[in-house]
Structures are given as C-alpha cells and as structure tokens.
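To keep things clear, I will list the structure first and then write my remarks on it.
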Amino acid sequence: MNDLEALRFRDPVRARALVDALGHHVRRAARPPDRPLAVMHVCGSHEQAIARFGLRATFPEGLEVIMGPGCPVCVTDVPEVDEAVALARQGVRIATYGDMLRVPGTAQSLADARAAGAKVDVVYSVTQAVELARRLEEELVFFASEFETTAVATAAVILAGPPANFSILSAHKYIPPVMEIVAEMPGTRVEGFLAAGHAATITGWGVFTPFVARHRVPVVVAGFEPLDVLAGLVRLVELIVDGDARVDNAYPRCVDEHGNRAAQAMLWQVFEPMGGRWRGIAHVPNGNLRLRGAHARWDARRRFKIDLAALWDHAPPALVQHCQCGDIMAGISSPHACPLFGTACTPDAPVGACMVSTEGTCRIWHQYGGRPDLRPRAAGATP
Amino acid sequence: MISIDDGVATVDFFGVKRLVRLDVVDAPVGPGDYVLNHVGFAIRRIPAEEIADTLALYDELLRSASDDLLAGDVRGELDATEVPR
C-alpha cells in the first residue's frame, strides 16, 4: 500500500505485517465510527516516532492513539520553574537540561532570567553539572527535571559524593502515579496504555501489575523504534478486544519484569515520592520525587531561602490563559483544537510547555508538518 | 564498550568515543558489550544479537536533518557522554 512506501522502515515486510495485524484487531472490535478504540501512550519518544515515521497514517480507522502526560518538561509545574528562576535571580548559578530553559514560569523562564543577567548553564547530563561545580568556587544548583530513568542518574551522583558547592533542585517526576490519575478521570475514553520502555527498563514491567488489577485496563511496555511502537500497539489492541486486562512486554530486549534492581535501590535511597501538581494535570499523589532527609545537605530547597514572592508582582501573559497544554496532556484535547497552535504559539515563540519541549505534543506535531495524520478522514467512514 | 576504568566505560558510538558511567548498570559488563545509555549512564546491558535494528535506526537518525527531534535526542545522548574537559 502507498501509505507504507512513504515510511522509512528498515523492514517493510515486518511493518506491513504489524499494520495488517493492527487493522485485524481493530476490525474485531467493530466500534461505531463515533466511538473509536482509544489508547494512550505516556512517552514523548513514542510520539516522536509516531510523528516522524508517519505512523498515524497507517493506523486503521477506529483506532485513536492519544499522547498522555509523557513529556517531563511539559508536566513540570509553574511553581517549580519559579523556584529555579527565583534562585537564578538571587544570584545562584543554575545548571539544567536544555529543554527546561524556555519553559515559562509565572513571570519568566530561565532563558528570560539569563537574558537579564542571571547565571544559567545548559548541561546534557548531571555529571557535567557536577564537573562544572568542581571547577567553580560558587554554589551551583542543578535544576533536575525528567522522569525516573533520569532521576536514577541524579541519585547516582548524590551517592557518589558531589562537591560541597553542588545541590539539587528536584523537579523529577514518577510516571506510574499519573497513570492512575488519567485512568480515574471522569469520562476518560482510554482503554489501554502503552508504557514507556526506558522507564520500565528501570522499574520493570511488574510495576504496572497493581495498576492493571485496580483499573482493569491492559498496559503494554513498548520501545520507541517505529516497529516497537507498532508491535506494542498490536498487542495492546489485541488485549483490549479480548478483554484481557494484563501487563505485557513488547520490548523484551530492554525490559523485564523486575527491572534494574540496583538502579531502583539507588533511586529510592535518594528520593522519596511526594504528592504535587503536574502542570495541566492535577495534584498527583506520589508523582514528584524529592530528596530524602538523609540527603538534605544536597537539597537546594533546604540550602537556600527561595523567595518566590518577588516573582508574583508580574502578571502572567494573557495568552497563557488560552493555552490547552493541560487538556492535551490529559488526552481530552489535541493541538489542532488549540486556537494558538501554529499561530500565536510556535517553537520560536512558545506560549505553553508543550510547544517548548522536543517531547511535547505541540512541538512534535508542529515539527512534522503540524498534521502528522496525513490520511484523509471521510465523515462517518467505517474501518 | 571498549574499556573500563574506575567505573567509567569508554564506548564507541558510530566512531565517536564517549565516557559512560557504570554506577547503575544492571549486569556485569566488559569490553565488547553493548549498553543502553541514558544521560551518560549505562542502564542496561543489551545482548549483541538484539542490537542490529537499534544500530540501523541510529545510523539513519544520525544522517538526518539537524532539526529532527528523534535525531536531536540521540545527539543529546552523545553530548551527555562527552569526555569531561
């Protein structure tokens, strides 16, 4: 078929077989056109692969694949950005991942603060932040974002003993609890979840077993390569149609049931899960990772008095009130439904975090033509 | 993986030499092994027989446009493992 010829699959025969299998299972579901089978993935890399390889064009009618809160930069809440901006404006040197630089806080982003003279460094790894601190006399705070896979790296440098002028401002997030929130949203249409492969490399697929037991929806762990995403979707839709609520692993080369126990031990030795807001989602019980008391000496929140009040004199830009980033991450809206998408909100002038991060739905859709689903949709079309 | 020195591995990624920390890797590793790298840390040893598709994808990504998001993430991982100056 023509739609697959446009895709740069290394193995088009396998891709064809997976697309056919997906169509077969979706047809078995025999859904009416106005009630497609809806699944959610919780991984920015899944959305990148879906958009980059044009996978949505191969999905059968009757299947809707929604991106959930799988972009860690996007779910970093405004008060966390405010803390980093406030510290920077107090004269403390901040190091962070590049994606965090332009994420809007209440009044400013870290990029704004840097333009106004604050010391903000972009690093690719927490190790580079530690190396930077070793070369400096002054205090260096690493503003630590991203999910548990990356929090493990932060934990490792804490346990290895960083220099005394180094500390952590943790905005690390833990994925499993937010899946609970999405599954419990009133009126949610999500019937199954595609879980992120690299997070499961750490936690193991077994971490989703209690979730599946509670909510009776299947979870399939999938990698981010295009064939991995397709294979994961095939298995997920098959489980949904069969009414078989279980966890399955479609990424066995990187994921097993128990995960990386050494990494888990380090993660939970350094961090404890705490409730907190995720931007656009809600308060997520146990969704934030914060330094335990035993590691308080590395905790920027305990080391510095962070004065947020100075930021709140600035009114937020009016456009932000129209931003649909939160609804998009909750799976109840899409970039095309946002009046700002591609007009008032672009990668060069982002209004919301979803347009900032390379893992944000809006940024990804904008990057790959703004309309990754190239398949013509006839009203009332049947599978 | 080419060599290991004091918990840090020197790895070869398409001809580029990088350092990857072994603090959190799940299994004993040595020269010749493949590891999954995340922000400069090896998080899993991957059997050599399962690596071909991944290498092929990365090879294609590294030859793609500079504004490609997936390719950008791969390059970011490379930069995360840069040898400290």
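Protein sequence lines correspond, in order, to chains A and B.
Here this note's numbering is used: position 134 in the first sequence is 135, and no number is missing along the way.
Here this note's numbering is used: position 22 in the second sequence is 819, and no number is missing along the way.
The C-beta atom is built at its ideal place from N, Cα and C for all residues, glycine as well.
The shortest C-alpha to C-alpha distance from residue 827/B to any of 838/B, 815/B, 850/B and 800/B is the one to 800/B. Taking CB atoms only, residue 128/A has a neighbour in chain B less than 8 angstroms away.
By the neighbour-count criterion, in which a residue is buried when 16 or more other Cβ atoms sit within 10 angstroms of its Cβ, residue 53/A is buried.
With fewer than three CB-CB distances shorter than 8 angstroms, the stretch 111-125 of chain A does not count as touching the stretch 334-343 of chain A. Take the alpha-carbon of residue 228/A and the one of residue 212/A: they are about 26 angstroms apart. Judged by DSSP in its simplified three-state form, residue 98/A adopts coil rather than helix or strand.
A straight-line Cα-Cα distance of about 8 angstroms links residue 74/A and residue 360/A.
The alpha carbon of residue 124/A has as its nearest neighbour, out of 842/B, 837/B and 820/B, the alpha carbon of 837/B. The beta-carbon distance between residue 168/A and residue 101/A, rounded to whole angstroms, is 16 angstroms. This is too long to meet the 8 angstroms contact definition. Assignment of residue 249/A by DSSP, reduced to helix, strand and coil, places it in the strand class. Buried is the label assigned to residue 77/A, since at least 16 other Cβ atoms lie within 10 Å of its Cβ.
Ranked by Cα distance from residue 48/A, the options 141/A, 72/A, 176/A and 84/A are led by 72/A.
With a threshold of 8 angstroms between beta carbons, residue 323/A makes no contact with chain B. If you draw a straight line from the Cα of residue 50/A to the Cα of residue 226/A, it comes to about 7 angstroms. Under the Cβ distance rule, residue 153/A counts among the residues neighbouring chain B, one pair being separated by less than 8 angstroms.
Distance check between residue 276/A and each of 266/A, 291/A and 85/A places 291/A closest, using alpha-carbon atoms only. At a cut-off of 8 angstroms between beta-carbon atoms, residue 125/A makes contact with chain B.
Distance from the Cα of residue 300/A is smallest, within the candidate group 271/A, 232/A and 368/A, for 271/A.
Under the Cβ criterion (8 angstroms, minimum of three pairs), the stretch 147-165 of chain A counts as touching the stretch 174-184 of chain A. The Cβ of residue 199/A sits closer than 8 angstroms to at least one Cβ of chain B.
With a threshold of 8 angstroms between beta carbons, residue 869/B makes contact with chain A. Taken through DSSP and simplified to helix, strand or coil, residue 284/A comes out as strand.
Counting only runs that start and end inside the stretch 184-221 of chain A, the beta strand (DSSP E) elements of at least 3 residues fall at 191-197. Take residue 347/A, set aside five residues on each side of it, and the residues of its chain with a beta-carbon closer than 8 angstroms to its own are 356 and 367, in chain order. In this structure, residue 841/B lies near residue 832/B, with their beta-carbon atoms less than 8 angstroms apart. With the rule of 3 Cβ pairs closer than 8 angstroms, the stretch 195-207 of chain A counts as touching the stretch 247-258 of chain A. At a cut-off of 8 angstroms between beta-carbon atoms, residue 17/A makes no contact with chain B. Closest option to residue 326/A, judged by alpha-carbon separation, among 304/A, 309/A, 351/A and 310/A: 351/A. Burial is judged here by how many other beta carbons sit within 10 angstroms of a residue's own beta carbon; residue 95/A has at least 16 and is buried. For residue 141/A, the enclosing beta strand (DSSP E) has its first and last residue at 141-145. With contacts defined by Cβ atoms closer than 8 angstroms, residue 248/A and residue 210/A form a contacting pair. In the three-state scheme derived from DSSP, where H, G and I count as helix and E and B as strand, residue 878/B is classed as coil. Within chain A, the residues 150, 153, 199, 202, 203, 261 and 264 have their CB atoms less than 8 angstroms from the CB of residue 840/B, given in chain order. Here residue 27/A is not near residue 218/A, since their CB atoms are 8 angstroms or more apart. Here residue 258/A is exposed: its Cβ has fewer than 16 other Cβ atoms, across all protein chains shown, within 10 Å.
Proximity of residue 837/B to chain A, defined by a Cβ-Cβ separation below 8 angstroms, is satisfied.
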